[in-house]
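The working numbering numbers the first residue of the sequence shown as 1 and each following residue consecutively. The next block holds one structure in the form of structure tokens; read it before the comments.
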Amino acid sequence: MRRSLQAAALVLLMGAFPACQSQWGPNSTGPKANGPGAGGKQAHTQLTQVDLFPNGVGFFEYQGMVDGNASQKLYFRSGQINDVLASLVFQDTGGGRVGEATFPSQEPLSVLLHGLQVNLDGNPSLAAILGQFRGDLVTLKINKPGHKAISGRIIDVHRTNLPFQPQPRPVPWQANQLIPVPGGPAWYINVFSHGHLRSVALATVRGVHLDSPKLQRSFSRALDALAGRPNAHKRELTLWFHGKSRRMVRFAYLLETPLWRITYRLVIPNGTALPGAKYEPVLQAFAIVSNQTEMNWRHINLHLQGGKPISFIEDLYRPLYLPRQVAALPSGVSFRPQTYGNSWGLVVPLPVNAATGTAPGAEPQFRLRSATANPGIYARTHGEMEALQSQARKQASFNPLEGMQVIAQTGRTHPAFDYRVTDVNIPRRQSAMVPILVAPIQGRPLDLYVDRGNAGHPLQSVQLTNTTGKYLLAGPVTVVRQGSYGGDVQLSSLGRGQKRIISFAVDQSVNMSPLPRKSASVLVSAEIKHGTLYMVQQSTYQSGYSIANRAATARTVLIRQSAMPGWKIVTPAKHLKARHGMDQFELTVAANSTIKLPMVRTQAQRQPSSLTILNRPALLQLIQTPRLPGAVITVLKQAVALRKIVHRRQVALHVTGSEESRVMAYQAHLRENLLALNKGSKVYNAMAADLQRQEVKLQKLRQTSAAERESLKTAQANLADFWKKTRVAKVLALPAK
């Protein structure tokens, strides 16, 4: 395509020119076309290049030789014509010039139906169709026994509402009772038949015969328009080339095409599994291309591009009509011809190539030019108009591709990939697997094992480095190893220089057994600040594998484990960088040997504990923490002593409060008994004296409770002040015993 775009005479035809894509291909032996340059020779062109894109479109380029005036007739399927019209480009070299691209127009169905005598647009009912036959002769076949057909001219078709009509019930013992039968809208046909006016219910008509041959033909044309015209699936396009010599012409267009796909073969040569052998795999790539056209692709250049140009479909084939508003003529206004002086402008004949496009010698067209128009566009005098026309004739013809030649020369194809294959042959309606790449690729054999917590075998894999110089698209890969099938794998897109591991088989000669897993936690350091104890605990997690290699050659094993966020790998000291949330470990296992790979991870966690809310038992238990520094233990013991004082005063206050409650309950008992006794009796007097003694005791208890409450507040304040002022800097834990 780039080759054709560089030609100087390349002209882009869009919108007004129909598509030149050929589902059937260029027709060099078809009937002589009628149109511009009719009588010219048929061009002899053939498909030379096909550019396929990964978004389902293809660009088809043709070229050939023509002699003198020539035309090229092309045929397309109806679903292709809009793509062709939107993308067609063609050129005429050797002194020739590009002519027109002509094609038969197709009116929209609604416009076509409205132009016929019988309008079937909008799915009309039978009543609506018969309403269009007013004045025409028809024969109505009545669906009632004993009624003959009615022939006559239709006057009109109207709708009426039937009244409610009482009907007797069908049951014998209710025969004298009438039930109302609802009416409703019904259609009637008024017909003038044999000098009589007759009204026929449309519901009783079982058939209508059109007696007029002219009406029958019009109705058939309307039905043909609905069903589609002859060869509705086929669209014709004619390209015209004007010149006097034998020269080269080219044209190209865009079409929707099946997606092309890619598949790979990774060939591992024989002997690479032997000790010391060099590992040199070869990558083969095949493109699966479908030719769904009706033309054979013979000796074409196939160009597989990686770009994804934006592509869409717009209906350019059918003529479009814009509805216009109908303005009513104001009443009482009389229009007369108007004339204007020079201050309003000049009536100037339009040139041949202006808006009307009339040929020389035809009746001149006139248009009124406004005096306020740009004088550089609309001349105000006849002399100025002649000068502008002369200047326009001297200018070069409009070339929409001017300036694109530099872009085509300096531009580059898609930076990702760009495959070009020559001499490709694909018959019509068939597909082919075309080899597009054969190149050595850097590879490193290894066994890949993904940890799932149980014994198993690793996968035979290859770590590929894309040294082919091409961008490798995603696709299936079949591994051919030692001259036989090795396995399948799905390759994701791989850029130049990128690395990717692909696994294709299970290596049963290598067995992976997990080592016992252990976890532990020890104190590392501690500190106290603002009544909070901060202890740093270091957790250790141990795991690993026992790897047994029963093969005759050494194996490079790559182990992947799910990464543990926040944990540091201590053993092995050398390990690969984590990728995609997986820790990686690589080691080499000699032939017929077994090795163990221990793995140790550590994590330090800072755990805060609030000391101000802990009671004596909790503090005493915290003192028993292994390896707790002595400075922290000393502070905790002081806190235990202060907490003990607080506890004692809490107990004393509780005892005093309980005694108060007992005395008050005894007083209530005495008062209740005194109410039941006679005043002055011995029992009454004894209880009254006892009540007085209890009241004195209660007053003393209340005084004691108030003093103890103040003492408790003092002890609690001393404890809070102790935690506020006490601070132990970070100290290391004691060594393990």
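All C-beta atoms in this analysis are idealised placements derived from N, C-alpha and C, irrespective of residue type, glycine included.
| Check | Outcome |
| --- | --- |
| Closer than 7 Å: V66 CB and nearest the ligand HEM heavy atom | Ligands displayed in this structure: none; no statement on the ligand HEM is therefore possible. |
| Cβ pair Y264, A287 closer than 8 Å | no |
| Which listed residue (S711, F219, L302) has its alpha carbon closest to that of A652 | S711 |
| Coil, strand or helix - G99 by DSSP | strand |
| Within 8 Å, strictly: CB atoms of E61 and R235 | no |
| Buried versus exposed call for N685 [16 or more other C-beta atoms within 10 Å across all chains shown] | exposed |
| Bridge-paired residues (DSSP) for Q607 | M535 |
| Neighbourhood of A717 by C-beta, 7 Å cutoff - its chain only, sequence neighbours within 5 removed | none |
| Simplified DSSP state of G456, which is helix, strand or coil | strand |
| Range covered by the beta strand (DSSP E) that runs through P185 | 185 to 193 |
| Cα-Cα separation, A526 to P608 | 10 Å |
| Cβ distance (whole Å) where Q584 is taken to contact L622 below 8 Å | Actually they are not in contact, since the Cβ atoms of Q584 and L622 sit about 42 Å apart, beyond 8 Å. |
| Q63, buried or exposed, once every other Cβ within 10 Å from all chains shown has been counted against 16 | buried |
| Stretch-stretch touch, CB-based, cutoff 8 Å, three pairs: the region 717 to 737 with the region 656 to 664 | no |
| Proximity test, Cβ basis, 8 Å: S199 and chain D | Looking for chain D here will not work: only one protein chain is present. |
| Beta-ladder partner(s) of I569, from DSSP | R601 |
| Cβ pair M512, Y534 closer than 8 Å | no |
| Reduced DSSP secondary structure (H/G/I, E/B, other) of Y684 | helix |
| Contact belief for T139 with D211 at Cβ below 8 Å, rounded distance in angstroms | 6 Å |
| Start and end residues, alpha helix (DSSP H) containing P617 | 616 to 623 |
| Secondary structure of W297, DSSP reduced to three states | strand |
| Nearest neighbour of P458, chosen from L237, S509, P476, V200 [CA to CA] | S509 |
| Beta-carbon proximity check, T467 vs I441, cutoff 8 Å | yes |
| Inter-residue Cα distance where the pair is F504 and T556 | 16 Å |
| Cβ-based burial, M664 [other Cβ within 10 Å; buried from 16] | exposed |
| Start-to-end residues for the alpha helix (DSSP H) that takes in M664 | 630 to 676 |
| Pair within 8 Å by beta-carbon distance, P598 and T625 | no |
| Between the CA atoms of G95 and W240 - distance to the nearest angstrom | 14 Å |
| Alpha-carbon spacing of H580 relative to L255, whole angstroms | 41 Å |
| Contacting residues, own chain, Cβ-Cβ under 7 Å from V728 (five flanking each side not counted) | E527, I528, A631, V632, V635 |
| Residues near S199 by beta carbon distance below 6 Å, same chain, minus five either side | Y188, N190 |
| 8 Å Cβ cutoff met for Y419 and L322 | no |
| Whole-number beta carbon distance between R318 and M65, since they are thought to touch under 8 Å | Incorrect: roughly 35 Å between the Cβ atoms, too far for contact. |
| Nearest-angstrom Cα separation, counted from L88 out to W297 | 20 Å |
| Beta-carbon separation (whole angstroms), P281 vs I268, contact threshold 8 Å | 5 Å |
| Cβ-based burial, R97 [other Cβ within 10 Å; buried from 16] | exposed |
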